[in-house]
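J.: Protein chains in written order, with numbering that gives the first Met the number 0: chain A, 0 to 161; chain B, 0 to 390.
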Amino acid sequence: MSSSIGTLAALAARGAGTVVRQVRSIVNPSAARPAGAGQTSSGWLAVTVFVEPSEIDTAKLPPPLAEFGDRIEVRVQIAPGGKGTELAARLRDRQRPGSAAARLAGKDAEADLRSALRRAKQLIEVGEVLAVDPVPHGDRTATPGGALLEGWTTAAPKGGVR
Amino acid sequence: MKAVTWRGVNEIGVEDVPEPTIINDHDIILEVGLSATCGSDLHLMGGYIPAMRAGDVLGHEFMGRVAEVGRGVTKHKVGDRVVVVSFTSCGQCWYCREGLWSLCDNGNPNPGMTEALWGQSIGGCYGYSHALGGYAGSHAPYIRVPYADQGAFPIPDGVSDERALFASDAAPTGWTGAHQAEVRPGDVVAVWGAGGVGQMAARAAMLMGAERVVVIDRFDNRLQQVRTHIGADTLDYERTDIPAELREMTGGRGPDVCIEAVGMEAHSPGVQFLYDQVKQQMRLQTDRPTAVREAIYACRKGGTVFTLGVFAGLVDKFPLGAVMNKALTLRGAQQHGHRYIPEILEHMSRDEVRTEHLATHVMPLDEGPKGYQMFKNKEDGCVRAVFRPGA
Numbered sequence: 000m001s002s003s004i005g006t007l008a009a010l011a012a013r014g015a016g017t018v019v020r021q022v023r024s025i026v027n028p029s030a031a032r033p034a035g036a037g038q039t040s041s042g043w044l045a046v047t048v049f050v051e052p053s054e055i056d057t058a059k060l061p062p063p064l065a066e067f068g069d070r071i072e073v074r075v076q077i078a079p080g081g082k083g084t085e086l087a088a089r090l091r092d093r094q095r096p097g098s099a100a101a102r103l104a105g106k107d108a109e110a111d112l113r114s115a116l117r118r119a120k121q122l123i124e125v126g127e128v129l130a131v132d133p134v135p136h137g138d139r140t141a142t143p144g145g146a147l148l149e150g151w152t153t154a155a156p157k158g159g160v161r
Numbered sequence: 000m001k002a003v004t005w006r007g008v009n010e011i012g013v014e015d016v017p018e019p020t021i022i023n024d025h026d027i028i029l030e031v032g033l034s035a036t037c038g039s040d041l042h043l044m045g046g047y048i049p050a051m052r053a054g055d056v057l058g059h060e061f062m063g064r065v066a067e068v069g070r071g072v073t074k075h076k077v078g079d080r081v082v083v084v085s086f087t088s089c090g091q092c093w094y095c096r097e098g099l100w101s102l103c104d105n106g107n108p109n110p111g112m113t114e115a116l117w118g119q120s121i122g123g124c125y126g127y128s129h130a131l132g133g134y135a136g137s138h139a140p141y142i143r144v145p146y147a148d149q150g151a152f153p154i155p156d157g158v159s160d161e162r163a164l165f166a167s168d169a170a171p172t173g174w175t176g177a178h179q180a181e182v183r184p185g186d187v188v189a190v191w192g193a194g195g196v197g198q199m200a201a202r203a204a205m206l207m208g209a210e211r212v213v214v215i216d217r218f219d220n221r222l223q224q225v226r227t228h229i230g231a232d233t234l235d236y237e238r239t240d241i242p243a244e245l246r247e248m249t250g251g252r253g254p255d256v257c258i259e260a261v262g263m264e265a266h267s268p269g270v271q272f273l274y275d276q277v278k279q280q281m282r283l284q285t286d287r288p289t290a291v292r293e294a295i296y297a298c299r300k301g302g303t304v305f306t307l308g309v310f311a312g313l314v315d316k317f318p319l320g321a322v323m324n325k326a327l328t329l330r331g332a333q334q335h336g337h338r339y340i341p342e343i344l345e346h347m348s349r350d351e352v353r354t355e356h357l358a359t360h361v362m363p364l365d366e367g368p369k370g371y372q373m374f375k376n377k378e379d380g381c382v383r384a385v386f387r388p389g390a
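(1) When the distance is taken between beta carbons, is V31(B) closer than 9 Å to Y371(B)?
(2) Which whole-angstrom value is the C-beta distance of A203(B) and A177(B), which I expect to be below 8 Å?
(3) Is it the case that the segment 18–33 of chain B contacts the segment 60–73 of chain B, given that we only count it when at least three CB pairs across the two stretches are under 8 Å?
(4) For R440(B) and W117(B), I'd like the C-alpha separation in whole angstroms.
(5) Curious, which full-length beta strand (DSSP E) runs of at least 3 residues does the segment 27–75 of chain B contain?
(6) Beta strand (DSSP E) containing W191(B): first to last residue?
(7) Give the DSSP bridge partners of A88(A), in chain order.
(8) Of the choices V361(B), P388(B), R387(B), whose alpha-carbon is the least far from that of D379(B)?
(9) Going residue by residue through the segment 262–331 of chain B, where are the continuous beta strand (DSSP E) segments of at least 3 residues, counting only ones entirely within it?
(10) In angstroms with no decimal places, state the Cα-to-Cα distance between K1(B) and C381(B).
(11) Taking the alpha carbon of F305(B) as the reference point, which residue from Q334(B), R330(B), P288(B) has its own alpha carbon closest?
(12) What in chain B is Cβ-close to V160(A), meaning under 8 Å?
(13) In this structure, how does DSSP classify K157(A) when only helix, strand and coil are distinguished?
(14) Would you say G97(A) faces chain B, with C-beta separation under 9 Å as the test?
(15) What residues in the segment 57–74 of chain A bring their beta carbon closer than 7 Å to a beta carbon of chain B?
(16) Using a beta-carbon distance cut-off of less than 7 Å, what residues from the segment 120–133 of chain B approach chain A?
(17) Checking the sheet assignment: what are the DSSP bridge partners for W5(B)?
(18) What residues of chain B sit near T84(A), judged by a beta carbon separation below 7 Å?
(19) How far does the alpha helix (DSSP H) with I121(B) in it reach, from first residue to last?
(20) For the structure I just gave you, are there three or more beta carbon pairs, one from the segment 153–163 of chain B and one from the segment 180–190 of chain B, closer than 8 Å?
(21) Which word fits K120(A), buried or exposed, when buried means at least 16 other C-beta atoms lie within 10 angstroms of its C-beta?
(22) With distances taken Cα to Cα, identify the nearest neighbour of G12(B) among R52(B), R80(B), L234(B).
(23) Are at least three pairs of beta-carbons, each pair with one atom in the segment 127–141 of chain A and one in the segment 46–62 of chain B, less than 8 Å apart?
(24) Bridge partners for M362(B) per DSSP, in chain order?
(25) Just how far apart, CA to CA, sit Q395(B) and G42(A)?
(26) Between L222(B), K369(B), M263(B), which lies nearest to Y47(B) when the distance is taken from Cα to Cα?
(27) Count the other C-beta atoms from every protein chain shown that fall within 10 angstroms of the C-beta of S101(B), then say buried if there are 16 or more, exposed otherwise.
(28) In the DSSP assignment, what are the bridge partners of F152(B)?
(29) By the criterion of Cβ-Cβ separation under 8 Å, what are the contact partners of P79(A) in chain B?
(30) Could you name the residues of the same chain whose beta carbon sits closer than 6 Å to that of A154(A), not counting the 5 residues immediately before and after it, in chain order?
(31) Does N105(B) come within less than 9 Å of chain A when only Cβ atoms are used?
(32) Please state if the CB of A193(B) and the CB of V82(B) are separated by a distance shorter than 9 Å.
(33) Could you check the C-alpha separation between D186(B) and G123(B) for me, to the nearest Å?
(34) Taking Cβ-Cβ distances shorter than 7 Å, what residues in chain B pair up with P52(A)?
(35) Counting only runs of 4+ residues fully inside the segment 159–246 of chain B, write out the alpha helix (DSSP H) ranges in chain order.
(36) Please state whether DSSP places Y125(B) in a helix, a strand or coil.
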């Protein structure tokens, strides 16, 4: 008997999940679309900010995100486990996502938005964006390895796994 | 100002660099009193972490006096004597608030590099490559310290500069290993590596109540330091079979906690070392995990292995079967020093943690290349070369 109830409950839960997914796909068509395999992903880039959701006003975003104006849409939701607030943004005019190499090199279409999200998180959490330059250093002898590293360092604030 | 810089693989220089300036409101400028070499610097020196540029200032373990404060700094004033943790961490993100300071979301201005290597970015570290932020290091008369209210700690009166220096990195790294490995009263703890970090991990384990602590190395002078200044037992891996000795010491069980404080350039007397060395030199693996393998094999069933030595990337012949079948807990971390340094300074002021013996060779900055050479080759019993910029 209890087994039958369990089965019914599982079926009901599965059915409810399907309904929720279908509703979400109507509200947000990209949510039902799998990423990869030639498909565009939903395009959301996200950071988790250690503040309450009420402390992020999407109508008054930090400057790095505000500069995008209506070229982006923004989503805010509570992070599970007391980890703060998930702040996500995506370009309204989305192109196909860049390759992993392009993303890591900060050369994809979302590179500026990725950097803006990181800076916005710092402004909300710390109140300033951490800078490293001008950094004291000695003679930068010109070498192929040095040039490669300089290029990667320049790109690193915009580069990322996603 | 003069600074000790990385010039190329196995090439250390002393050259003129500009003085640092306040860039962010939470910065201080520190007049460096003492700055230590660290075993992890040798990985940079040898080119095993290929994210250094010629001219980068080395050094991440240091103390000194506050010379200038940013307008957002509230805890420090000019003239304060402080020790600075080697990691740059904001103190505001979820990781910092959880006490996992080296995982700070905001402390590394070059997050794309470590995301590429490890999937996520961690905090930054002074003088430790562009992958960890590109910050200038401390082997210089002055250094910029970001997030100073979080990362600089007043040194209690009565604690010498030479002792406080190692509250910057070696001691908190050791504390991180022992605490995160959850050393408990009654545990038998084995530590691979009798350098500064290994010695401090052993001392931390003892203060956390371990029943017996044994440190493994091959250098007599370092093992002697362990016995004299730390109070732990020692084993020389060139003279005995380490897993067999550890079994004998523990009634056949193996140590409850095994802390690896060696890192990516481990040595061993066997064929295994040759294999790892060849693979590393051919860039078929980035790190030599010899000591980690031994720790995993030696650890008791259900025990904990902690990788405290620095590893950069990929290793070969990793005994995952032993990890799984022996139900081991495998953990690792850079140091979460912000949470341990106040406690360490208290221990130091009570004479429960002594570190002056680590600074075997104190010298002026001009002798930077010689200091690193001595440190690398363990010349004249060098455990740590320490630079005194004011000398």
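Beta carbons are placed, not taken as given, at the ideal position from N, Cα and C, and that holds for glycine.
T.: If we stick to the structure as given:
(1) For the pair Y371(B) and V31(B), the CB atoms are not nearer than the 9 Å cut-off.
(2) So it is a contact: roughly 4 Å between Cβ atoms.
(3) Flag = yes, the segment 60–73 of chain B and the segment 18–33 of chain B touch.
(4) Lying before the first or after the last residue shown, residue 440(B) is absent from chain B, which here runs from 0 to 390.
(5) For the segment 27–75 of chain B, whole beta strand (DSSP E) runs of length 3 or above, ordered along the chain, are 27–35, 60–68.
(6) First-last of the beta strand (DSSP E) with W191(B): 187–191.
(7) Note: A88(A) sits in a beta bridge opposite L44(A), V73(A).
(8) Residue V361(B) is the option with its Cα nearest to D379(B).
(9) Entirely contained in the segment 262–331 of chain B, the beta strand (DSSP E) runs reaching 3 residues are, in chain order, 303–306, 328–331.
(10) The alpha-carbon atoms of K1(B) and C381(B) are separated by roughly 24 Å.
(11) Just measuring C-alpha positions, the residue of Q334(B), R330(B), P288(B) sitting nearest F305(B) is R330(B).
(12) Against V160(A), the close residues of chain B are E114, A115, G118, Q119, in the order they occur along the chain (beta-carbon pairs closer than 8 Å).
(13) K157(A) falls in the coil class under three-state DSSP.
(14) Cβ-Cβ to chain B under 9 Å: no for G97(A).
(15) If the cut-off is 7 Å between Cβ atoms, the segment 57–74 of chain A has nothing near chain B.
(16) So the list reads H129, G132, G133, given in the order they occur along the chain.
(17) Partner residues in the beta bridge of W5(B), as assigned by DSSP, are I11(B), D55(B).
(18) Ordered by position in chain B, no residue passes the 7 Å Cβ test against T84(A), which lies about 10 Å from the chain.
(19) Element bounds for I121(B): n/a, residue is neither H nor E.
(20) Below 8 Å, too few C-beta pairs join the segment 153–163 of chain B and the segment 180–190 of chain B to call them touching: fewer than three.
(21) Counting other Cβ atoms within 10 Å of its Cβ, K120(A) reaches 16 or more and is therefore classed as buried.
(22) Residue R52(B) is the option with its Cα nearest to G12(B).
(23) With the cut-off at 8 Å, the segment 127–141 of chain A and the segment 46–62 of chain B touch.
(24) DSSP lists F386(B) as the beta-bridge partner residues of M362(B).
(25) Lying before the first or after the last residue shown, residue 395(B) is absent from chain B, which here runs from 0 to 390.
(26) Comparing Cα-Cα distances from Y47(B) to each of L222(B), K369(B), M263(B), the minimum goes to M263(B).
(27) S101(B) is buried by the Cβ-count criterion.
(28) BP columns for F152(B) point to V82(B).
(29) Ordered by position in chain B, no residue passes the 8 Å Cβ test against P79(A), which lies about 12 Å from the chain.
(30) Within the same chain, Cβ atoms closer than 6 Å to the Cβ of A154(A) are found at A104, G105, the five residues on either side in sequence being excluded.
(31) So, interface residue.
(32) No; because the gap between Cβ atoms is not below 9 Å, this pair is not in contact.
(33) Rounded to whole angstroms, D186(B) to G123(B) spans 33 Å at the Cα level.
(34) Those do not exist, as P52(A) stays about 14 Å from chain B at its closest Cβ, beyond 7 Å.
(35) Uninterrupted alpha helix (DSSP H) stretches at least 4 residues long and entirely within the segment 159–246 of chain B occur at 160–163, 169–179, 195–206, 219–224, given in chain order.
(36) Looking at Y125(B) - three-state DSSP - the assignment turns out to be coil, as it is neither helix nor strand.
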